[in-house]
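One point on numbering: in the UniProt record's numbering, the residue at position 88 of the sequence shown is 88, and numbering is uninterrupted.
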Amino acid sequence: MPKLLLAIAVAWFGWWLWQGPKRVHTTGRRRDVPAPPPPDRADALGILGLGASASDADIRAAHRRLLLAVHPDHGGSAELAQRVNAARDTLLKRSD
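In structure tokens:
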């Protein structure tokens, strides 16, 4: 009987080792990053690197340039991408 229990324990442990890493690495879940508070106009201009006289076209161009650099799909972080998006939304008066 002890040999049977040992064999079952070894088999279960082997199965757990084989299945465990697969379950951990294939979930595909992304961590949700809480949205930062919306910046005021001066902070939003600073985030995008623009002056006070920036046009809508300047805002869109700066947003695109920065987002390509900080987007999580390109090695950046979700938090930085959210800050850049929030700055654009503040300057273009978007509220979703």
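Note that the Cβ used here is the ideal one computed from N, Cα and C, for glycine as well.
- The way I'd put it, the region 82-89 does touch the region 40-54; three or more beta-carbon pairs between them come closer than 8 Å.
- Judged by DSSP secondary structure, residue 66 falls within the alpha helix (DSSP H) whose first and last residues are 56-70.
- Taking residue 66 as reference, the option from 82, 53, 55, 52 with the minimal CA-CA separation is 82.
- In the three-state reduction of the DSSP assignment, residue 50 falls in the coil class, being assigned neither a helical nor a strand state.
- Residue 38 carries a coil assignment under DSSP once its states are collapsed to helix, strand and coil.
- Here residue 59 is buried: its Cβ has 16 or more other Cβ atoms, across all protein chains shown, within 10 Å.
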